[in-house]
Amino acid sequence: MIIIIPAYEPDEKLIKLVSDLKSKCNFKLLIIDDGSGEKYESIFDTASNLGASVYHHNENKGKGAALKTAFSIIKNFDDAEEIITADCDGQHTPMDIIKIAQCIKNNKNKLILGVRYFTGKVPFRSILGNKLTSRIFELINGKKISDTQTGLRGFSKSMIPWLCSIKGNGYEYEMNMLLESEKYGYGIKEVPIETVYIENNTSSHFNPLIDSLERFVFK
2 MIIIIPAYEP DEKLIKLVSD LKSKCNFKLL IIDDGSGEKY ESIFDTASNL GASVYHHNEN
62 KGKGAALKTA FSIIKNFDDA EEIITADCDG QHTPMDIIKI AQCIKNNKNK LILGVRYFTG
122 KVPFRSILGN KLTSRIFELI NGKKISDTQT GLRGFSKSMI PWLCSIKGNG YEYEMNMLLE
182 SEKYGYGIKE VPIETVYIEN NTSSHFNPLI DSLERFVFK
């Protein structure tokens with residue numbers, strides 16, 4: 002089992018996630034620094050000292066590019082039959098990540114989505130952005146997905162060639178993944194997870210409205 006964490010200009014929440022995961026499970030952690038720069042070297046050094054493997058992009062290429070870099074690295078691993086992607090901003094709890102890991106084992110060759118139901122204190126722009134993309138996805142694809150924007154996803158290693166072939170280097174990559182999954186024979190399974198927004202998600206580089214629209218415009 003390996004967990005991929007793409008990170009661009011992360012804060013201490015990345016260190017906390019790595020520390021919490023290392024204390025609760027023995028999964029390998031692969032962090033892709035998407036060109037964050039010298040200012041963030043100490044964050045990545047600390048994550049590395051905690052036991053995570055860290056790879057660096059020389060420049061900011063986008064979340065999709067970071068994920069594809071990770072998948073390209075993992076395809077050469079012998080012990081990574083199950084793969085999870087998680088965000089670095091504290092939105093995904095270790096327990097929910099473990100929940101996704103357990104689900105992958107029972108659902109080979111399916112795209113596992115950790116879906117939020119946006120209960121509690123959630124920024125309005127996040128609710129609106131997710132509802133917008135979910136509705137547009139349903140109109141385009143004829144399928145309903147509860148949370149199209151979730152970054153907590155699970156895969157089988159056999160899916161890597163497809164994951165590396167999906168178009169898009171930015172946030173649109175994750176939407177293209179959903180749009181293409183059934184075409185390539187990969188069903189989608191939703192797993193409920195906790196809705197977490199720390200400090201209104203101010204550390205995230207994702208704009209729920211603008212980036213939501215770009216997911217479709219540039220797909």
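Numbering (this note's numbering) for the sequence shown: 2 to 220.
C-beta: ideal position from N, C-alpha, C; glycine also.
This one's a predicted model, so the numbers in the text were calculated from it and none came from an experiment.
What is the DSSP secondary structure of residue i, reduced to helix, strand or coil?
| i | result |
| --- | --- |
| Leu-114 | strand |
| Ser-182 | helix |
| Thr-94 | coil |
| Glu-39 | helix |
| Phe-138 | helix |
| Ile-6 | strand |
| Phe-28 | coil |
| Ser-204 | Residue placement at Ser-204 is flagged as unreliable, the pLDDT there being 48, under the threshold of 50; the coordinate-derived value follows with that caveat. Residue state, collapsed to three classes: coil. |
| Lys-190 | strand |
| Glu-173 | helix |
| Glu-13 | helix |
| Ser-166 | helix |
| Asp-21 | helix |
| Phe-219 | Confidence at Phe-219 is low in this model, with a pLDDT of 47, below 50, so its placement is unreliable and no value can be given for it. |
| Asp-46 | helix |
| Thr-70 | helix |
| Ser-54 | strand |
| Ile-146 | coil |
| Gly-65 | helix |
Measure from the alpha carbon of residue i to the alpha carbon of each residue in the options, then state which is nearest.
| i | options | result |
| --- | --- | --- |
| Asn-110 | Glu-13, Asp-90, Trp-163 and Tyr-41 | Trp-163 |
| Asp-90 | Ile-105, Ala-66, Ile-16 and Ser-37 | Ile-16 |
| Leu-112 | His-93, Met-178, Asp-79 and Leu-68 | Met-178 |
| Glu-10 | Leu-51, Lys-64 and Leu-22 | Lys-64 |
| Glu-181 | Lys-168, Ile-32 and Lys-14 | Lys-168 |
| Ala-226 | Glu-83, His-93 and Asp-88 | The requested residue 226 does not occur in the structure, where the chain is confined to residues 2 to 220. |
| Ile-6 | Leu-153, Lys-106, Lys-184 and Gly-186 | Leu-153 |
| Glu-175 | Ile-98, Gln-92, Cys-104 and Ala-66 | Ala-66 |
| Gly-38 | Asn-50, Glu-60, Gly-52 and Ser-54 | Glu-60 |
| Met-160 | Asp-35, Met-96, Ile-85 and Leu-133 | Ile-85 |
| Glu-173 | Phe-138, Ser-43 and Glu-42 | Phe-138 |
| Asn-27 | Asn-77, Glu-42 and Leu-51 | Leu-51 |
Would residue i and residue j qualify as a contact pair, given that the criterion is a beta-carbon distance under 7 angstroms?
| i | j | result |
| --- | --- | --- |
| Lys-25 | Asn-170 | no |
| Ala-71 | Leu-22 | no |
| Asn-108 | Lys-184 | no |
State buried or exposed for residue i, treating a residue as buried only when at least 16 other CB atoms are found within 10 Å of its CB.
| i | result |
| --- | --- |
| Phe-45 | buried |
| Asn-131 | buried |
| Arg-136 | exposed |
| Val-19 | buried |
| Ala-8 | buried |
| Phe-156 | buried |
| Asp-79 | exposed |
| Gly-115 | buried |
Below 8 angstroms CB to CB, which residues in the same chain sit around residue i once its five sequence neighbours on both sides are set aside?
| i | result |
| --- | --- |
| Ala-81 | Met-2, Ile-3, Lys-29, Ile-75 and Lys-158 |
| Cys-104 | Ile-113, Gly-155, Lys-190 and Val-192 |
| Tyr-187 | Asn-110, Lys-111, Leu-112, Met-160 and Trp-163 |
Grab me the residues of residue i's own chain with a C-beta within less than 7 angstroms of its C-beta, minus the 5 sequence neighbours each way, in chain order.
| i | result |
| --- | --- |
| Arg-117 | Asp-148, Thr-151, Ile-194 and Thr-196 |
| Ser-73 | Cys-165 |
Going by beta carbon distance, what residues of the same chain come within less than 6 angstroms of residue i, once the five residues before and after it are set aside?
| i | result |
| --- | --- |
| Lys-69 | Cys-165 |
| Thr-235 | The structure shown does not extend to residue 235, since the chain is modelled only from 2 through 220, so no value can be given for it. |
| Ile-33 | Pro-7, Tyr-56, Ala-67, Thr-70 and Ala-71 |
| Ser-54 | Leu-31 |
| Thr-47 | Ile-16 |
| Gly-36 | His-58, Glu-60 and Asn-61 |
| Lys-144 | none |
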